[in-house]
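Working notes, structure below.
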DNA sequence: AAGCGCTGCTTAGGATGCTAAGCACACTCC
DNA sequence: GGAGTGTGCTTAGCATCCTAAGCAGCGCTT
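Protein chains in written order, with the numbering used here: chain C, 1 to 136; chain S, 137 to 272.
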């Protein structure tokens with residue numbers, strides 16, 4: 001047991017901790033070993049790799065990895081994303097219309113995904129049909 | 137309507153578009169060149185790399201890349217994340233972000249009045265092509 | 001024709017995520 | 001002592017992302 005750090009660091013209050021330090025605190029708080037976490041994530045995060053993350057050898061794990069860790073530690077996934085330096089979609093506003101006020105949006109809403117794809121292609125087709133402008 | 141059989145010519149037409157095909161449609165609808173997009177993203181996404189994404193050579197671009205593309209095309213960032221196979225924070229309630237989330241409104245804004253008319257006709261055409269029931 | 005600029009596309013190579021395997025140390029239990 | 005198990009940690013190597021540089025083709029201008 002080489003390290004068992006002494007600092008009782010509550011992972012929830014960590015302000016500017018690096019991702020690795022934060023995850024290490026979290027694991028320590030839960031009293032889990034590296035391999036226990038590997039087990040918890042269903043082998044999605046191997047113990048060696050987790051060690052790399054905690055030590056800072058790996059600085060930006062993929063969202064998928066972070067998700068599994070969030071699950072294993074019961075942490076907030078979005079928070080982990082931010083700590084890893086990923087952008088998080090701010091999923092709020094749905095309404096800025098503007099020029100399109102006249103356009104019947106519900107017509108679009110009724111389309112299926114595939115139909116919307118076709119529509120995009122048709123828009124491209126309309127543009128390609130225009131007199132001379134090549135791409136703009 | 138002019139029509140000219142735009143449907144069969146569609147390179148992707150239907151179903152669940154791959155990320156690449158979707159991004160290609162979006163770019164095409166906006167009438168942007170690969171290098172124009174590179175410019176728009178402030179060189180964050182190079183033209184060659186974008187080509188790789190569209191062609192499927194690169195299947196899972198980083199969230200950061202997707203963010204820049206979402207900005208450039210005025211698409212929903214979260215939607216792109218999902219299409220790229222990344223997990224999205226609040227995705228417990230799966231499908232119900234804005235239905236129009238994936239649609240590039242800019243593409244509509246740039247159309248002329250007449251073209252918008254044709255587009256509406258085409259939407260009507262799409263709907264008429266369906267197997268009648270409107271529930272879905 | 002020659003040159004220019006734009007188009008999409010390819011490719012070598014560096015950087016990084018990520019895995020599988022193994023190391024050294026510490027604690028048992030026979 | 002020796003075997004077995006658990007700990008954190010390291011490392012070779014592969015896969016993938018991503019960049020920089022370049023390719024050929026097309027249309028336009030002189």
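Every residue, glycine too, gets a C-beta built ideally from N, C-alpha and C. Predicted model, so just to flag it, every value in this text is computed and none were measured.
Cβ pair residue i, residue j closer than 9 Å
i: residue 222/S; j: residue 61/C; result: no
i: residue 57/C; j: residue 51/C; result: yes
i: residue 89/C; j: residue 211/S; result: no
i: residue 220/S; j: residue 165/S; result: no
i: residue 188/C; j: residue 157/S; result: Residue 188/C is absent from the model: chain C starts at 1 and stops at 136.
i: residue 111/C; j: residue 259/S; result: yes
Spatial neighbours of residue i in its chain, beta-carbon cut-off 8 Å, leaving aside the 5 residues before and after
i: residue 41/C; result: 68, 69, 71, 72
i: residue 191/S; result: 156
i: residue 241/S; result: 210
i: residue 95/C; result: Reliability of the predicted coordinates at residue 95/C is poor, the pLDDT of 47 falling under 50, and no value is obtained from them.
i: residue 115/C; result: none
Burial state of residue i, where buried means 16 or more other Cβ atoms lie within 10 Å
i: residue 25/C; result: buried
i: residue 48/C; result: exposed
i: residue 171/S; result: exposed
i: residue 31/C; result: exposed
i: residue 121/C; result: buried
Integer-rounded CB distance, given that residue j should sit under 8 Å from residue i
i: residue 255/S; j: residue 23/C; result: Not a contact, Cβ separation roughly 50 Å.
i: residue 46/C; j: residue 38/C; result: 5 Å
Neighbourhood of residue i by C-beta distance below 6 Å, restricted to the same chain and skipping five residues each side
i: residue 180/S; result: 204
i: residue 169/S; result: none
Same chain, Cβ closer than 7 Å to residue i, neighbours up to 5 away in sequence not counted
i: residue 154/S; result: 192
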